[in-house]
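Everything in the sequence shown is counted per the working numbering, starting at 44 for the first residue and increasing by one. Down below is the structure, laid out as structure tokens.
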Amino acid sequence: MDKIEGLGMPASQMQMMQRMQQTAAAASAGIAPNMAIAPANTSLFSSAPQSVSFGQVMNNAINHVDQMQHVASAKQTAIDTGQSDDLTGAMLESQKASVAFSAMVQVRNKLTTALDEVMNIAL
Numbered sequence: 044m045d046k047i048e049g050l051g052m053p054a055s056q057m058q059m060m061q062r063m064q065q066t067a068a069a070a071s072a073g074i075a076p077n078m079a080i081a082p083a084n085t086s087l088f089s090s091a092p093q094s095v096s097f098g099q100v101m102n103n104a105i106n107h108v109d110q111m112q113h114v115a116s117a118k119q120t121a122i123d124t125g126q127s128d129d130l131t132g133a134m135l136e137s138q139k140a141s142v143a144f145s146a147m148v149q150v151r152n153k154l155t156t157a158l159d160e161v162m163n164i165a166l
């Protein structure tokens, strides 16, 4: 670490390097049988996963995609009316909304295909 400090590395990068070294040391130590595992932080769940239905998760995802499209539309309108000159930001938001919408359509198509397969199972 002394060699890195001599190169004039910023404090934030030093802290990140220390965290990475601590993580590497913890990973090389192995997993203890009684080690606590922290739950993943997901933005789709507003409360405990047991209380969220599949419909709520899908509704939240659709609302999130809709919000992204509204943000992109607002930025494009600001460019068109001359209120903003952030063309790069508007294009980036537009592409993010487009990718999110495409992913949502693909998920819908996969779910429909899966439902069709379940409906066609011979009993």
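Every residue gets a Cβ at the ideal spot worked out from N, C-alpha and C, and that includes glycine.
Item, Value
"Straight-line gap, Ala165 to Lys118 (C-alpha atoms, nearest Å)", "51 Å"
"Buried versus exposed, by CB contacts within 10 Å (16 or more), Ala175", "Here the chain comprises residues numbered 44 to 166, so residue 175 is not present and cannot be evaluated."
"Residue span of the alpha helix (DSSP H) that contains Gly98, given as start and end", "Phe97 to Thr124"
"Cβ-Cβ distance between Met162 and Lys139 below 7 Å", "no"
"Span of the alpha helix (DSSP H) around Ser145", "Leu130 to Met162"
"Cα-Cα separation between Ser137 and Ser116, rounded to whole angstroms", "7 Å"
"Val148 classed as buried or exposed, judged by whether at least 16 other C-beta atoms fall within 10 angstroms", "exposed"
"DSSP state of Gln165 mapped onto helix, strand, coil", "For the sequence presented, residue 165 should be read as Ala rather than Gln. The answer is coil: DSSP assigns Ala165 none of H, G, I, E or B."
"Span separating the alpha-carbon of Thr66 from that of Met60", "10 Å"
"Anticipated Cβ contact below 8 Å, Ala143 with Val108, distance rounded", "5 Å"
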